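**Q** Take this structure first; my questions come after.
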Amino acid sequence: MSVPEFQQLLQLSAVNPGWVVAIGFALAFVEALALVGILVPGILLLFLLGAMVGWDGPLLLGLGVSVMAGAVAGDGVSFWLGRRYRDQLRTRWPFAKRVQWLDLGEQFFLRHGGKSIFIARFVGPLRPVVPLVVGSMGMPVATFVPRMLVACALWSPVMLLPGALFGESLELAAEFGGRLTLLLLVLVIGGWLLIWSTRSVYETAARRSTWWLKNLALWLRRHRHLGHWFGGLVEPGRREVLSVVTLGLLLVVSLAVLFGALVLAPLSTAAWEAGFELSGLAASMRSHFADPVFLVLAMGVSRPVLLTLIGFGALMLLIQRRWNALLHWLLATLGGWFLALMLNALMGFLLGRPAISGSIGQVPHVEFVVTTLVLGFGALIVAKDFRPRQRKWLYLSTVALLALVALSQFYLARATLNGLAAGLALAMGWLALTGIGYRSRARPYGAPGWRLAAFIGAWLATVLFYVPPNYPEFAAAHQLVQPTRQIGAVAWWTGGWRSLPELRSRIGRADRQRFDAQLAMSRNELEQALTASGWVRPPRLGVDSLRPIFGTRPRPERLVHLPRDFAGQPDDLMRRRMLSGGRVVVLRAWDSGARLEPSATPVWLVQARVLEPVTRLGLFNTWREIDEDSNRALAELRTMGADWQWRRPGPEAPWLVRSAPGGR
C-alpha cells in the first residue's frame, strides 16, 4: 500500500466511520474462523485499521466493540462447527487437508485444558483452531462461552491500541517530517510481512520435512545415477539430513538467479541502469531524524567491523579446536568476499558501466554479501546446537537484521536494488555451498547461548570502538546537499519561480505542505528584518525543554518547536511571534538552492503557520496547526520589510518577495 492510498483511507475513515466499524467486525470474524484465519494476516490488517482511526476516542471505542463482536462471532461459528461434525472433521474439506492443525489444537487443549481458550486467542496459529477443537471434543457451552468472552474482550484492545498509537505518531511525524512517515510505514509493514513470511516458510518446512525427505529418498532410489551421487545425503540415520537438503535447495535457487543475471546482463543493460535511477528513491526517504540510526547501522557492517568479526569468530573456533568449523568459517567469509569482488568486476565488464564513486555502482554489493555471509554462517554454526524451536527465533532475528542492513544501504544511496538482490543471491548460494560441507561433517558442541552472546558482544564492542571517532566523516560523506542552480533575477520574478518546489512534502495534506512565499534576499537581511518586526528564536530543543513537553499543562512560551524536513534537511531558519490566547505564528525558511544572477542572491522557501498548544494522548504537550487562521499567518508575514516588493502570480501560487527591483 502506497502512502497516498493510506492517506485516502485516513480520509475515508473520517468521512465514513460506519464503514470502518463494519470492516473491523468482518476482519475479526474472518480471522477467527476455523482454519481460514490462518491464511488471513488479521493482526496486520487490524493494526492498520487502528492506525486509520488514530486516537479518536468515540470511533476507537466503537471499533473496539465491533472487533470484539466479530471475534466472538467467529469463535462461536468455529465452536459450533466442532460440535456439529466432531469426528467427521478429519474427513471433511478443508479440514482433511490440514489434519496437522487439528492435531496441534488437540495437543494444546489436552495440555492446558480450559485455559487454552484464553491463551489461543493471543497465539496466531492456534486462534482459529482451538475453538473448533474444543467443540469437537465436547466442551460444554457454559464452559466455553465465558472464557471466550473474556479472551475476546481483552484481545480487541491489544490488537487495536498499538495501531491507534502508531496512527497518532504518524500524524505527528507528518507534521514534522513527511519522509519519516514514509520510513515508519516501510519499517513496520515491510518488517512485519518479512517476519511473517519467513516464519511461515520455516514452520511449513519443519512440518512437512519428514514427508519431503521420505519421498525424495524413494525417488533417488528409483534413479540409480542420481541416487549414487546424492542418495547418501537423504538416507535415514545420516546427521543433519534436513539442514543439508535445505541448504542444497537454497544453493540451486541462488545459482539459478545468479546464472540468469549473468546471462541476461548484456541483453538488459537498460533494466540494470533503471536500478540506478530507482536509487533516487533513497533521497525521497531521507529524514534528519532517521539519518543517525541508519548511519550507525551502515557503519556497524563496514569493512573494519566485518574484518574484526571474522577474526574474532576464527579465534573462538581456534581456541575451541573446532577445525572443521574454522575451515568452513574462513572459506565462507573470506572466500565469499573474494568471490563477490570477482563477480562485481565481471558484472561491471558485462554491463560496460562507467566508474561510479562509492559502493552504489557495485553489482553485487560486496559489503552486503560479506555481511550476509558473516551473520548467516555464524547463525548456521550456532543454530546446530540449539533446539529446533529456538533455531526459528535465531533465523528470524538474522533475517530481520539483514533486512535492516539492506535498507540502510539503500537509504544512504550506498547500494541499488539490483546490487542488493544480486548480493543476496550470491551470498545465499555460497552460504548454502559451504554450509552443506560444514553441516554434513559437524559435531555437537555445547553452550550455544554463551557463544552467541560472545559474538554479539564482540560486535557491539567493535561498533562502540569504531563508530564514534569515524562518525563525523562518514556522516559528512553521506549528507544530502541541496543542489544549487542559477536563475536570472528577472526570469525568476516573471515565471522562473515555477521551477522551484511548491510543496515541502508530498505526504500529508497539500494545503499544509504548500510553501507560502519565495523570498529573494540574503540570510542576514532576512534575519534583520525578522528581528525588527518582533520575530524571535523559539526555545531550543535540549534537556531543559523536556519539562514543558511533559508538564501537566502546556506553557506556550517555553514549548519547543521540532524542526520540519524539506528534501531531507531541517529548516534553515525558524522564528516565531506570540499571539493572544497562547497561540503563536511560526515562520520556517529553507534554502531552495536557487541563486539569482547576477548577485547570487539565495531564494528562500517560506511557510508561516498559526499554532496552538495541545496535549497529545494525555501524555505530552505539542503544537497543533490551525487551518482556519492561515490568512492570519500570511498577514503577520506581510508586516515585514517596508521596502519589500510582494507579488502573487495566482491564487494557488506562492507570494514572490524581493527587497529591490530585479532582486539582489
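Residues in the sequence shown are numbered from 18 upward in steps of one, following the numbering used here. Backbone N, C-alpha and C define an ideal beta-carbon position, used for all residues, glycine too. Bear in mind the structure is a predicted one, so any value in this text is a computation, not a measurement.
1) Is the Cβ-Cβ distance between A432 and F385 less than 8 Å?
2) My understanding is that H382 touches G436, with C-beta atoms under 8 Å, so please give their C-beta distance in whole angstroms.
3) Mind checking Q105: buried by the 16 CB within 10 Å criterion, or exposed?
4) Do you know offhand how far Q545's Cα is from W552's?
5) Give the single residue among V146, G474, H129 and A137 whose Cα lies nearest to the Cα of D120.
6) Can you give me the C-alpha to C-alpha distance between S19 and A181, rounded to a whole angstrom?
7) Check for me: the beta strand (DSSP E) holding S609 runs from which residue to which?
8) Closest to T389 by C-alpha separation, out of R600, R320, A430 and W340, would be which residue?
9) For L344 and L44, I'd like the C-alpha separation in whole angstroms.
10) Leaving out five residues before and five after A670 in sequence, what residues of the same chain have Cβ atoms less than 6 Å from its Cβ?
11) Just verifying my parser: in three-state terms, what is the DSSP assignment at M165?
12) Tell me the DSSP bridge mates of V674?
13) Taking the alpha-carbon of D533 as reference, which of L590, V313, Y455 and A650 has the nearest alpha-carbon?
14) Determine the contact status of F126 and M154, defining contact as a CB-CB distance below 8 Å.
15) Could you please give the first and the last residue of the uninterrupted beta strand (DSSP E) stretch that includes G505?
16) Looking only at its own chain, which residues have a Cβ that is under 6 Å from the Cβ of W509, when we skip the five neighbours before and after it?
17) Could you tell me whether the Cβ atoms of G610 and Q499 are closer together than 8 Å?
18) Pull up the CB-CB distance for A88 and C169, whole angstroms please, since I reckon it's below 8 Å.
19) Classify M657 as helix, strand or coil using the three-state DSSP reduction.
20) In angstroms with no decimal places, state the Cα-to-Cα distance between L461 and G353.
21) Taking the alpha carbon of E642 as the point to measure from, which residue in V674, Q530, Q662 and F306 has its own alpha carbon closest?
22) Could you please give me the residues that DSSP links to T639 through a beta bridge?
23) Which value, in whole angstroms, describes the spacing of the CA atoms of R521 and D528?
24) Distance check for Y428 and G680, CA to CA, integer angstroms please.
25) Just how far apart, CA to CA, sit S516 and P615?
26) Any contact of the stretch 475–483 with the stretch 403–414, i.e. 3+ C-beta pairs under 8 Å?
27) If I measure Cβ to Cβ from V601 and keep anything under 7 Å in the same chain, skipping five residues before and after, which residues do I get?
28) For my contact list, Q624 and H305 are in at a C-beta cut-off of 8 Å; report their separation, rounded to the angstrom.
29) Let me check understanding here. Comparing Cα to Cα, which of L413, W346, M445 and Q379 lies closest to I398?
30) Per the DSSP calculation, M595 is bridged to which residue(s)?
31) With a CB to CB cut of under 6 Å and the five nearest residues on each side skipped, what residues in its chain are close to W36?
32) Who are the Cβ neighbours of V422 in its own chain at under 6 Å, not counting the five residues just before and after it?
33) Alpha carbon to alpha carbon, how far is I473 from T415? Give it in angstroms, no decimals.
34) What are the complete alpha helix (DSSP H) segments, minimum 4 residues, inside the stretch 434–504?
35) Give the range of the alpha helix (DSSP H) segment to which H345 is assigned.
36) Can you give me the C-alpha to C-alpha distance between L673 and Q662, rounded to a whole angstrom?
**A** In short:
1) In contact: A432 and F385 (Cβ atoms closer than 8 Å).
2) Confirmed, about 4 Å.
3) Exposed: under 16 other Cβ atoms inside 10 Å.
4) Using only the alpha carbons, I get a separation of about 10 Å.
5) V146 is the residue among V146, G474, H129 and A137 whose C-alpha sits nearest the C-alpha of D120.
6) Because the pLDDT of S19 is 45, which lies under 50, any placement of that residue in the model is unreliable, and the number read from its coordinates should be weighed accordingly. Rounded to the nearest angstrom, the two C-alpha atoms are 19 Å apart.
7) Taken as a continuous stretch (DSSP letters only), the beta strand (DSSP E) holding S609 covers V601 to E614.
8) The candidate whose alpha carbon is nearest that of T389 is R320.
9) Distance between L344 and L44, taken at the CA atoms: about 52 Å.
10) Cβ within range, chain order: n/a, list empty.
11) Looking at M165 - three-state DSSP - the assignment turns out to be helix.
12) BP columns for V674 point to L536 and W663.
13) D533 has its Cα closest to that of A650, out of L590, V313, Y455 and A650.
14) Their beta carbons are under 8 Å apart, which means F126 touches M154 by this criterion.
15) Here the beta strand (DSSP E) through G505 covers R502 to G505.
16) Result list for W509: L613, in chain order.
17) The Cβ-Cβ distance between G610 and Q499 falls below 8 Å.
18) By a beta-carbon distance limit of 8 Å, A88 contacts C169. Their separation comes to about 4 Å.
19) Coil at M657, not helix or strand.
20) Checking the displayed sequence, the identity of residue 461 turns out to be Pro instead of Leu. Rounded to the nearest angstrom, the two C-alpha atoms are 25 Å apart.
21) With distances taken between Cα atoms, E642 lies closest to Q530.
22) In DSSP, T639 forms a bridge with V631.
23) Each residue's CA atom was taken as its position, placing R521 and D528 some 10 Å apart.
24) The pLDDT assigned to G680 is 44, lower than 50, so where the model puts this residue is not dependable, and the model offers no usable value.
25) Spanning the two alpha carbons is a distance of roughly 18 Å.
26) Between the stretch 475–483 and the stretch 403–414, the count of C-beta pairs closer than 8 Å stays below three; the two stretches do not touch.
27) Excluding the 5 residues flanking it on each side, V601 has same chain C-beta neighbours closer than 7 Å at P573, R593, R594, M595 and L628, in chain order.
28) Not really, about 17 Å apart at Cβ, beyond 8 Å.
29) Checked all of L413, W346, M445 and Q379; the closest Cα to I398 is W346.
30) V601.
31) Same-chain partners within the cutoff: there are none.
32) Exclusion of the five residues before and after V422 leaves V318 and T388 as the residues of its chain whose Cβ lies within less than 6 Å of its Cβ.
33) If you take the alpha carbons of T415 and I473, they lie about 12 Å apart.
34) Within the stretch 434–504, the complete alpha helix (DSSP H) runs of at least 4 residues are 434–456 and 465–494.
35) Boundaries of the alpha helix (DSSP H) around H345: W340 to L347.
36) Spanning the two alpha carbons is a distance of roughly 8 Å.
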